[in-house]
Amino acid sequence: MELIKPSFGLIFWMLLGFGIFFFILAKFVWPVITQGIASRNKKIQDQLEEAERVHAELGNLHFKHEQMLAQAKAERDDILNEARVISEKMKEESKIKADAEAQSIIADAKQAIQMEKMKAITDLKNEIANFSINIAEKIMTEELSDKQKQEQLIEKWVKESNLN
Amino acid sequence: MIYKKYSHWLTGLFVALFMVVCSLSLQASEDEGFNAGPFIIEHITDSYGWHICGDGDKSVTIPLPVLLVDDGHFVVFMSNKFHHGEAAYNGYAMGWGDQKGDIVKLADDYTGHLEEGVVYPVDHVCKFNISITKNVCALIISLILITWIFLSVAKQYKLRPNQAPKGLQAIVEPVIVFLQEEVIAPSLGKNAPKYTPFLLTLFFFILFNNLMGLIPIFPGGANLTGNIAVTGILALITFFVTQFSGKKEYWKDIINTPGVPWWLKIPLPVMPLVEIIGVFTKPFVLMVRLFANITAGHIIVLGFISLIFIFGQMAPALGYGVSVVSIFFYLFMSFLELLVSFIQAFVFTLLSAIYIGAACGEEEEELQLTE
Numbered sequence: 001m002e003l004i005k006p007s008f009g010l011i012f013w014m015l016l017g018f019g020i021f022f023f024i025l026a027k028f029v030w031p032v033i034t035q036g037i038a039s040r041n042k043k044i045q046d047q048l049e050e051a052e053r054v055h056a057e058l059g060n061l062h063f064k065h066e067q068m069l070a071q072a073k074a075e076r077d078d079i080l081n082e083a084r085v086i087s088e089k090m091k092e093e094s095k096i097k098a099d100a101e102a103q104s105i106i107a108d109a110k111q112a113i114q115m116e117k118m119k120a121i122t123d124l125k126n127e128i129a130n131f132s133i134n135i136a137e138k139i140m141t142e143e144l145s146d147k148q149k150q151e152q153l154i155e156k157w158v159k160e161s162n163l164n
Numbered sequence: 165m166i167y168k169k170y171s172h173w174l175t176g177l178f179v180a181l182f183m184v185v186c187s188l189s190l191q192a193s194e195d196e197g198f199n200a201g202p203f204i205i206e207h208i209t210d211s212y213g214w215h216i217c218g219d220g221d222k223s224v225t226i227p228l229p230v231l232l233v234d235d236g237h238f239v240v241f242m243s244n245k246f247h248h249g250e251a252a253y254n255g256y257a258m259g260w261g262d263q264k265g266d267i268v269k270l271a272d273d274y275t276g277h278l279e280e281g282v283v284y285p286v287d288h289v290c291k292f293n294i295s296i297t298k299n300v301c302a303l304i305i306s307l308i309l310i311t312w313i314f315l316s317v318a319k320q321y322k323l324r325p326n327q328a329p330k331g332l333q334a335i336v337e338p339v340i341v342f343l344q345e346e347v348i349a350p351s352l353g354k355n356a357p358k359y360t361p362f363l364l365t366l367f368f369f370i371l372f373n374n375l376m377g378l379i380p381i382f383p384g385g386a387n388l389t390g391n392i393a394v395t396g397i398l399a400l401i402t403f404f405v406t407q408f409s410g411k412k413e414y415w416k417d418i419i420n421t422p423g424v425p426w427w428l429k430i431p432l433p434v435m436p437l438v439e440i441i442g443v444f445t446k447p448f449v450l451m452v453r454l455f456a457n458i459t460a461g462h463i464i465v466l467g468f469i470s471l472i473f474i475f476g477q478m479a480p481a482l483g484y485g486v487s488v489v490s491i492f493f494y495l496f497m498s499f500l501e502l503l504v505s506f507i508q509a510f511v512f513t514l515l516s517a518i519y520i521g522a523a524c525g526e527e528e529e530e531l532q533l534t535e
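First to last, the sequence lines map onto chains A and B.
Read in order, the letters of the first sequence are residues 1 to 164 in the numbering used here.
Read in order, the letters of the second sequence are residues 165 to 535 in the numbering used here.
Here is the structure:
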């Protein structure tokens, strides 16, 4: 029966020992540990939230950056386009100008050529006129020297004029 | 890593050591007949000295102080004066028969060897006996050890606040968190912080002493949590904590249990009677469950060890042969006991938390879920 008979001494020491033990643990150990765990949990939670916030901010920043980059690109494209258009225009203008100049030069040249040509033609006409008069004079003088031939010629002219 | 490297050597050493101990014990037991019953009882009950090894006069026992208050005098002497119950000192002797386990005062202040067959008249049993017995010694050692462990763990939280747990802290912390989140919080709800220190203390006290009880040699080996006085006090503390935290609803539910037909209450108060008995059976069951589980485990282990000596008495070779089987079963039981140590500590704490939670007026539904 010793097995299930609680002994006084053990009850006494158990109450005393467990009491002191509980006192020490409840005063110096459990509050420290539970608070330590709770504070660490809080810290981890806070840091997770912080990380999330920073991540979101970073995303936002990234977005902004992207936006800025896109804007800059667009601006650059605009500027380039504008430059291209201006240069095109300038090229076009200069071409038109050069064409016009060339045209005017050509026109001038043509005019000059025309004038020269006219002059030459006039000269040539005069020359030819003189020449033909000279020849005609010579022929006339040759032809009209004999009577028969004069008659023949007159006859021919009359025929021709009749035909007309 | 180091353990892995030397594990073969350690195992070999352990086996060799065991064989030596076995053979020494076998030789010792050959002298006088081996009786398993008293052998087991002797190992699971309390004693005035801490028996290490050997038998009779050749035994090695750590003497522990005997403290008595007798006739208003404070009496102190070492337990080795008793010579394992075979001698008396200043009239004090270890009781026998019905007084087994107590210290008795003999009629005359007799000092010396107690002869067998001679009747020594007993004057009285020393009632106020606060001797440092084997269990008290184990209690003190384990309390100092756990206090030291937990103080050092608590120091870690102060030294390295908000850092990842390390070493002992990393072993203890998951258990504490588990208890807080799975046992204490669901059972006690908003009252949890108030009872957390008690329940955690309870758990670690039971667990540590269960484990100490599994160690076969000196600082362990005392069957502390398998002692009815120890489990009784633990249950009693739970009982008082429960009653003192009882709210009006708790008492009202005991007197006038809701959800029960009226005829169970009115002419004959069957239900209130059952409820009132229940108030006392709950801690009683707590006490018996822990005591029985731990003691039973020790008895089985000791039974297997006893088998070696019983067979050894028939033939030494048979004893050696059986020892192989016995050791196998001993190891198996030890692992089982390891599991039981945790389970019993957990169950005691869980049930305590549920009882206290019920008294505090936590919602019934929540309690049923946890149960």
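Positions of the beta carbon are idealized from the N, C-alpha and C atoms, including for glycine.
Kindly say whether residue i, judged by its beta-carbon, lies nearer than 8 Å to any beta-carbon of chain A.
| i | result |
| --- | --- |
| residue 199 (chain B) | no |
| residue 321 (chain B) | yes |
| residue 225 (chain B) | no |
| residue 391 (chain B) | yes |
| residue 380 (chain B) | no |
| residue 467 (chain B) | no |
| residue 193 (chain B) | Residue placement at residue 193 (chain B) is flagged as unreliable, the pLDDT there being 49, under the threshold of 50; the coordinate-derived value follows with that caveat. Taking Cβ atoms only, chain A never reaches closer than 8 Å to residue 193 (chain B), which makes this a no. |
| residue 443 (chain B) | no |
| residue 326 (chain B) | yes |
| residue 394 (chain B) | yes |
| residue 239 (chain B) | no |
| residue 486 (chain B) | no |
| residue 311 (chain B) | yes |
Does the beta carbon of residue i come closer than 8 Å to any beta carbon on chain B?
| i | result |
| --- | --- |
| residue 40 (chain A) | yes |
| residue 51 (chain A) | no |
| residue 3 (chain A) | yes |
| residue 48 (chain A) | no |
| residue 80 (chain A) | no |
Look at the alpha carbon of residue i and the alpha carbon of residue j, and state the distance between them as a whole number of angstroms.
| i | j | result |
| --- | --- | --- |
| residue 531 (chain B) | residue 383 (chain B) | Low local confidence applies: a pLDDT of 49 at residue 531 (chain B) is under 50, so the model's placement there is unreliable, with the coordinate-based value given in what follows. Approximately 39 Å, taken between the alpha carbons. |
| residue 98 (chain A) | residue 83 (chain A) | 22 Å |
| residue 75 (chain A) | residue 67 (chain A) | 12 Å |
| residue 25 (chain A) | residue 361 (chain B) | 7 Å |
| residue 3 (chain A) | residue 396 (chain B) | 13 Å |
| residue 505 (chain B) | residue 379 (chain B) | 12 Å |
| residue 216 (chain B) | residue 207 (chain B) | 11 Å |
| residue 193 (chain B) | residue 469 (chain B) | Here residue 193 (chain B) scores only 49 on pLDDT, less than 50, and its place in the model should not be relied on; the value that follows carries that caveat. When rounded, the distance between both Cα atoms is 13 Å. |
| residue 123 (chain A) | residue 133 (chain A) | 15 Å |
| residue 474 (chain B) | residue 200 (chain B) | 8 Å |
| residue 299 (chain B) | residue 213 (chain B) | 10 Å |
| residue 453 (chain B) | residue 407 (chain B) | 21 Å |
| residue 513 (chain B) | residue 368 (chain B) | 9 Å |
| residue 130 (chain A) | residue 120 (chain A) | 15 Å |
| residue 256 (chain B) | residue 267 (chain B) | 7 Å |
| residue 45 (chain A) | residue 381 (chain B) | 46 Å |
| residue 421 (chain B) | residue 404 (chain B) | 22 Å |
| residue 259 (chain B) | residue 296 (chain B) | 16 Å |
| residue 284 (chain B) | residue 243 (chain B) | 20 Å |
| residue 510 (chain B) | residue 339 (chain B) | 10 Å |
| residue 402 (chain B) | residue 515 (chain B) | 10 Å |
| residue 301 (chain B) | residue 524 (chain B) | 36 Å |
| residue 20 (chain A) | residue 502 (chain B) | 27 Å |
Could you check which residue in the options has the C-alpha nearest to that of residue i?
| i | options | result |
| --- | --- | --- |
| residue 507 (chain B) | B:421, B:247, B:374 | B:374 |
| residue 33 (chain A) | B:461, B:396, B:463, B:314 | B:314 |
| residue 500 (chain B) | B:479, B:464, B:522 | B:464 |
| residue 40 (chain A) | B:370, B:327, B:421 | B:327 |
| residue 456 (chain B) | B:209, B:197, B:301 | B:209 |
| residue 29 (chain A) | B:355, B:336, B:519, B:345 | B:336 |
| residue 222 (chain B) | B:238, B:248, B:420, B:301 | B:248 |
| residue 237 (chain B) | B:293, B:477, B:312, B:224 | B:293 |
| residue 279 (chain B) | B:250, B:398, B:409 | B:250 |
| residue 320 (chain B) | B:472, B:229, B:331 | B:331 |
_Within 9 Å of chain B by C-beta, residues of the segment 53 to 77 of chain A in sequence order_ = With the criterion set as a beta carbon lying under 9 Å from some beta carbon of chain B, the segment 53 to 77 of chain A has no members that meet it.
*Residues within the segment 285 to 301 of chain B neighbouring chain A, beta-carbon criterion of under 9 Å*: Residues of the segment 285 to 301 of chain B with a C-beta atom less than 9 Å from some C-beta of chain A are 291, 292, 293, 294, 295, 296, 297, 299, 300, listed in chain order.
*Mind checking the segment 354 to 373 of chain B against chain A and listing, in chain order, the residues whose C-beta falls within less than 9 Å of any C-beta there?*
Taking 9 Å as the Cβ-Cβ cut-off against chain A, the residues of the segment 354 to 373 of chain B that qualify are 357, 360, 361, 362, 364, 365, 366, 368, 369.
*Of the residues that make up the segment 263 to 274 of chain B, which ones have a beta carbon closer than 9 Å to any beta carbon in chain A?*
Listed by position along the chain: 264, 265, 266.
*Taking only beta carbons into account, state which residues of the segment 336 to 348 of chain B come closer than 9 Å to chain A, listed in chain order.*
Of all residues in the segment 336 to 348 of chain B, 336, 337, 340, 341, 344 have a Cβ within less than 9 Å of some Cβ in chain A.
_Given 8 Å, three or more beta-carbon pairs between the segment 485 to 496 of chain B and the segment 451 to 460 of chain B_ = No: fewer than three Cβ pairs fall under 8 Å.
*Evaluate the contact criterion for the segment 423 to 435 of chain B versus the segment 402 to 413 of chain B: three or more CB pairs, one atom per stretch, below 8 Å.*
Taking 8 Å as the limit for Cβ pairs, the verdict is that the segment 402 to 413 of chain B does not touch the segment 423 to 435 of chain B.
*Would you check if there are 3 or more beta carbon pairs closer than 8 Å linking the segment 301 to 309 of chain B to the segment 322 to 341 of chain B?*
In short, these stretches do not touch, since the Cβ pair count stays below three.
*Select from the segment 396 to 416 of chain B all residues with a C-beta closer than 7 Å to any C-beta belonging to chain A, and list them in chain order.*
Shown in chain order are the members of the segment 396 to 416 of chain B whose Cβ falls below 7 Å from a Cβ of chain A: 396, 397.
*Should the segment 338 to 347 of chain B be called in touch with the segment 284 to 295 of chain B, which here means at least 3 C-beta pairs below 8 Å?*
Contact between the segment 338 to 347 of chain B and the segment 284 to 295 of chain B is absent: fewer than three C-beta pairs spanning the two stretches fall below 8 Å.
_Contact set between the segment 206 to 223 of chain B and chain A, restricted to residues whose Cβ is under 8 Å from the partner_ = Cβ contacts with chain A come from 208, 209, 210.
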